[in-house]
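Student:
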Amino acid sequence: MLRPVRRFATIVTLAALVLLAVFLLYPLALVLDASIRVDGTGGLTLGNYAAIVKSRYYLGSIGNSLFCAALATAFACAIGIPLAFCLARIDIPGRALLLTLASLPLVLPSFVSAYALVLLFGHAGVVTTALRGIGIPIGSIYGVPGIVIVFTLTLYPYVVMPVLAGFQAVDASMEEAARNLGGSRPYVIRTVLLPIVMPAILAGGLLVFIEALENFGVPAVLAEDRPFLAVNIFKLFAGESDANPAAAGALSVLLIACTALALLVQRHYLGKRRFSTNARSAPAKLPLTPGLRLVATVVSWGIVIVSLLPFAAVLMISLLRFRGPVLTWEFGLGNYATLLSGSYRPLLNTLTLASIAAVATMLIGAPIGYVVARHRSRLSGLLDFVGMVPFAVSGTILAIGLIIAFNSGPLVLTGGWLILVIAYVVRKLPFAIRSSSAIVHQLDPSLEEASINLGVSPAKTFATLTVPLMASGLVGGLVLVWITAASELSATIVLYASGWVTTTVVMYHAIEGTGAGLAAAAAAVLILVTAIPLLLINRRINKQETTVI
Numbered sequence: 001m002l003r004p005v006r007r008f009a010t011i012v013t014l015a016a017l018v019l020l021a022v023f024l025l026y027p028l029a030l031v032l033d034a035s036i037r038v039d040g041t042g043g044l045t046l047g048n049y050a051a052i053v054k055s056r057y058y059l060g061s062i063g064n065s066l067f068c069a070a071l072a073t074a075f076a077c078a079i080g081i082p083l084a085f086c087l088a089r090i091d092i093p094g095r096a097l098l099l100t101l102a103s104l105p106l107v108l109p110s111f112v113s114a115y116a117l118v119l120l121f122g123h124a125g126v127v128t129t130a131l132r133g134i135g136i137p138i139g140s141i142y143g144v145p146g147i148v149i150v151f152t153l154t155l156y157p158y159v160v161m162p163v164l165a166g167f168q169a170v171d172a173s174m175e176e177a178a179r180n181l182g183g184s185r186p187y188v189i190r191t192v193l194l195p196i197v198m199p200a201i202l203a204g205g206l207l208v209f210i211e212a213l214e215n216f217g218v219p220a221v222l223a224e225d226r227p228f229l230a231v232n233i234f235k236l237f238a239g240e241s242d243a244n245p246a247a248a249g250a251l252s253v254l255l256i257a258c259t260a261l262a263l264l265v266q267r268h269y270l271g272k273r274r275f276s277t278n279a280r281s282a283p284a285k286l287p288l289t290p291g292l293r294l295v296a297t298v299v300s301w302g303i304v305i306v307s308l309l310p311f312a313a314v315l316m317i318s319l320l321r322f323r324g325p326v327l328t329w330e331f332g333l334g335n336y337a338t339l340l341s342g343s344y345r346p347l348l349n350t351l352t353l354a355s356i357a358a359v360a361t362m363l364i365g366a367p368i369g370y371v372v373a374r375h376r377s378r379l380s381g382l383l384d385f386v387g388m389v390p391f392a393v394s395g396t397i398l399a400i401g402l403i404i405a406f407n408s409g410p411l412v413l414t415g416g417w418l419i420l421v422i423a424y425v426v427r428k429l430p431f432a433i434r435s436s437s438a439i440v441h442q443l444d445p446s447l448e449e450a451s452i453n454l455g456v457s458p459a460k461t462f463a464t465l466t467v468p469l470m471a472s473g474l475v476g477g478l479v480l481v482w483i484t485a486a487s488e489l490s491a492t493i494v495l496y497a498s499g500w501v502t503t504t505v506v507m508y509h510a511i512e513g514t515g516a517g518l519a520a521a522a523a524a525v526l527i528l529v530t531a532i533p534l535l536l537i538n539r540r541i542n543k544q545e546t547t548v549i
């Protein structure tokens with residue numbers, strides 16, 4: 001490797017490791033330290049872990065969280081993989097619109113989806129009451145079934161998007177060879193296609209599992225008296241009467257251990273197998289009969305329409321009037337009038353913080369992804385591993401660590417906007433790294449080598465040659481980070497200060513009180529302002545047979 005290239009890679013790697021050490025590893029180390037301290041005295045102890053092991057309540061919270069996350073992952077894969085296959089290999093009418101609609105569940109905060117479904121299918125929900133009135137017994141959406149349903153409907157796009165890209169990248173000649181050897185189409189799908197896209201399936205499934213495991217909002221709305229890990233961590237850290245930071249730290253470490261174990265299992269499985277393919281020719285659409293094509297179309301649109309049920313519920317609720325906590329069938333724009341008559345600051349805060357975080361995440365993640373993909377070394381391997389650590393850390397845990405780290409001392413960040421941006425950047429950095437490295441792997445390195453051989457510095461080559469070639473992946477990562485940051489709750493609810501209230505915080509507190517209509521109106525506005533960029537970019541990028549998320 002040329003010395004300037006090695007120097008550039010080393011500078012990027014060391015700078016990134018320093019940033020991650022300060023804003024990720026150091027806060028997590030403080031959470032670990034808090035978990036082995038005696039609350040109030042500061043002495044060392046393992047009593048916090050012993051108390052958890054002896055407590056049915058805390059063990060139950062771990063079991064409930066793991067069980068719901070596993071079920072949600074299975075169901076998300078069960079609907080996400082067939083949908084991705086239909087979108088990639090079948091000529092579905094309205095494919096561009098369907099792609100955009102399939103990604104919209106990521107826009108709506110999951111706890112808002114949960115509460116919207118409560119108003120429809122809760123103990124006294126509109127649908128529940130109507131069905132019971134005509135003699136049809138139906139349970140409520142509370143409990144494990146409801147939590148799994150909401151997780152499945154809101155997280156399945158994490159499976160669809162990578163698996164869709166995987167199906168589109170398969171070399172058509174491999175399928176043709178298998179078919180020429182006498183393999184039936186179902187046999188080819190099972191033995192050729194699915195093994196090749198298995199890394200994408202595992203990546204999407206892992207993301208669903210981790211997002212469900214660390215989710216705070218949905219269990220807070222639907223769990224009733226059932227304990228869940230993320231909710232307990234928040235209550236133990238931020239509770240007014242039952243706060244116990246040491247116990248919160250111990251539970252946080254256990255949550256990190258659960259997610260880290262899932263990551264290690266995935267890496268072990270992928271490390272023992274080879275999944276690569278040389279995509280010389282794009283796969284053709286399947287020649288289906290009109291009947292089978294109709295079935296695929298109905299199934300694909302049906303999955304997406306059902307997943308948008310929370311959106312319809314939110315829109316309907318935003319237009320209905322409430323008398324206290326009671327939902328009436330009187331339509332009007334009163335909720336929007338109340339929302340717009342108040343301060344615009346939460347919405348402005350949301351858009352500002354999400355925009356800053358998205359740009360900062362891509363500015364940091366793109367060079368990291370480039371170095372990880374292009375320059376193999378022990379340092380870059382360490383950077384790749386540390387860069388994926390945020391996958392294993394919930395927003396609540398990271399927020400707790402940031403508060404412990406930067407609430408006092410030489411660098412005080414609590415109470416302002418910067419700590420929120422830092423939390424968003426750290427949490428979303430794996431998206432930027434993976435989207436960037438995936439694009440770099442597809443680029444011919446000879447272009448960069450030619451530029452450097454002509455005397456252009458590696459840094460300038462990266463900025464003026466490589467980055468433009470990475471544009472589609474960078475735009476996709478930017479939009480994904482922006483959307484998920486705008487709808488983020490788990491870190492925001494711990495870190496926000498009075499001057500930096502976001503739309504999701506307003507919605508959460510409105511739902512906790514009697515302002516469900518106001519929360520629905522705020523959610524509708526948030527959907528609008530986040531979906532418009534997604535729609536515009538997806539329409540443009542869909543011409544290239546892909547999608548930003």
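Just so you know, the working numbering puts 77 at position 77 of the sequence shown, and the rest follows in order with no gaps.
A virtual CB, placed ideally from N, CA and C, is assigned to each residue, including glycine.
1) Using a Cβ-Cβ cutoff of less than 7 Å, which residues in the same chain neighbour G415 once the five nearest sequence positions on both sides are dropped?
2) Taking only three categories from DSSP, how would you classify W417?
3) Rounded to the nearest angstrom, what separates R3 and N232 at their Cα positions?
4) Applying the 10 Å Cβ sphere with the 16-neighbour rule, what's the burial state of P367?
5) For A313, collect the residues of the same chain with a Cβ closer than 6 Å to its Cβ; drop the 5 residues on either side in sequence, then sort them by chain order.
6) Could you tell me the boundaries of the beta strand (DSSP E) in which R37 lies?
7) Check for me: the alpha helix (DSSP H) holding L489 runs from which residue to which?
8) What is the rounded straight-line gap between the Cα of F167 and the Cα of G94?
9) In three-state DSSP terms, what is T361?
10) For S276, which residues from the same chain have a beta carbon less than 6 Å from its beta carbon, with the 5 sequence-adjacent residues on both sides left out?
11) Can you name, in chain order, every residue of its own chain whose Cβ lies under 8 Å from the Cβ of L25, other than the five neighbours on each side?
12) Using the rule of at least 16 other Cβ atoms within 10 Å of the residue's Cβ for burial, across every protein chain shown, is H268 buried or exposed?
13) Are three or more beta carbon pairs between the region 296 to 315 and the region 73 to 91 nearer than 8 Å?
14) In this structure, how does DSSP classify R95 when only helix, strand and coil are distinguished?
15) Taking the alpha-carbon positions, what's the T45 to A250 distance?
16) When the Cα atoms are used, what is the spatial distance from A360 to A432?
17) So, is A519 buried or exposed, given that buried needs 16 or more other C-beta atoms within 10 angstroms?
18) Three or more beta-carbon pairs under 8 Å between the region 150 to 164 and the region 214 to 223, yes or no?
19) For G365, count neighbouring C-beta atoms within 10 Å of its own C-beta (all shown protein chains included) and say buried if the count is 16 or more, exposed if not.
20) Compute the beta-carbon to beta-carbon distance between G332 and L347, rounded to the nearest angstrom, for a pair I have assumed lies under 8 Å.
21) Could you have a look at F151 and say whether DSSP puts it in helix, strand or coil?
22) A471: which of I196, I439, I452 sits nearest, CA to CA?
23) Write down every uninterrupted run of the beta strand (DSSP E) in the region 320 to 351 whose length is 3 residues or greater and which is fully enclosed by it, in chain order.
24) Is the beta carbon of F209 sitting closer than 7 Å to the one on T396?
25) Would you tell me roughly how many angstroms separate the C-alpha atoms of L402 and P109, rounded to the nearest one?
26) Starting from M470, trace the alpha helix (DSSP H) in both directions and tell me its first and last residue.
27) If you compare alpha carbons, which of R226, V529, H375, V412 is closest to P445?
28) Between the region 419 to 428 and the region 480 to 498, do at least 3 Cβ pairs fall closer than 8 Å?
29) At the level of alpha carbons, what is the spacing between P458 and V5?
30) How would you label A337, buried or exposed, when you count the other beta carbons within 10 angstroms and need 16 or more for buried?
31) For the alpha helix (DSSP H) containing P227, list its first residue and its last residue.
32) Run the CB neighbour count on G122, radius 10 Å, all protein chains shown included, and call it buried at 16 or more, exposed below.
33) How would you call G125, buried or exposed, if buried means at least 16 neighbouring beta carbons within 10 angstroms?
34) Out of L478, V501, L164, L17, which one is the CA nearest neighbour of S343?
35) For I138, count the other beta carbons within 10 Å of its own beta carbon; 16 or more makes it buried, fewer makes it exposed. Which is it?
36) Please check the pair G369 and S436, which I expect to be a contact at CB under 8 Å, by giving their CB distance rounded to whole angstroms.
Tutor: In terms of the structure at hand:
1) Correct list, in chain order: A497.
2) W417: coil per DSSP, three-state reduction.
3) Rounded to whole angstroms, R3 to N232 spans 52 Å at the Cα level.
4) Taking a 10 Å sphere around the C-beta of P367, we find 16 or more other C-beta atoms and assign the residue as buried.
5) Around A313: A116, L120.
6) It is not in any beta strand (DSSP E) - R37 carries neither H nor E in the DSSP assignment.
7) Counted as a single uninterrupted DSSP element, the stretch harbouring L489 is not any alpha helix (DSSP H), since DSSP gives it neither H nor E.
8) Answer to the nearest angstrom: the Cα atoms are 19 Å apart.
9) Here T361 sits in helix by DSSP.
10) Reliability of the predicted coordinates at S276 is poor, the pLDDT of 49 falling under 50, and the value obtained from them is presented with this limitation in mind. Residues of the same chain with a CB within less than 6 Å of the CB of S276, apart from the 5 flanking positions on each side, do not exist.
11) Counting only Cβ-Cβ distances below 8 Å, and skipping sequence neighbours, we find V386, V389.
12) By the 10 Å Cβ count, H268 comes out exposed.
13) Counting Cβ pairs under 8 Å, three or more are found: they touch.
14) Helix at R95.
15) Each residue's alpha carbon lies about 11 Å from the other.
16) If you take the alpha carbons of A360 and A432, they lie about 10 Å apart.
17) Burial call: buried.
18) They touch, by the three-pair rule.
19) Residue burial annotation: G365 is buried, with at least 16 other C-beta atoms found within 10 angstroms of its C-beta.
20) The pair is not a contact, with the Cβ atoms about 21 Å apart (cut-off 8 Å).
21) The three-state secondary structure of F151, taken from DSSP, is helix.
22) If we check each option's Cα against that of A471, I439 comes out closest.
23) You should have 320 to 323, 326 to 331.
24) No, Cβ-Cβ distance for F209 and T396 is not below 7 Å.
25) One C-alpha to the other measures close to 23 Å.
26) Unbroken run through M470: none, as it is neither H nor E.
27) Here the closest residue by C-alpha is H375.
28) At 8 Å Cβ cutoff, the stretches touch.
29) Taking the straight line joining both Cα atoms gives about 6 Å.
30) Under this definition A337 is an exposed residue.
31) Looking at the DSSP string, P227 is not in any alpha helix (DSSP H), and its letter there is neither H nor E.
32) By the 16-neighbour rule on beta-carbons within 10 angstroms, G122 is buried.
33) By the 10 Å Cβ count, G125 comes out buried.
34) For the residues L478, V501, L164, L17, the minimum Cα distance to S343 belongs to V501.
35) Under this definition I138 is an exposed residue.
36) Approximately 3 Å separates the beta-carbon atoms of G369 and S436; this is inside 8 Å, confirming the contact.
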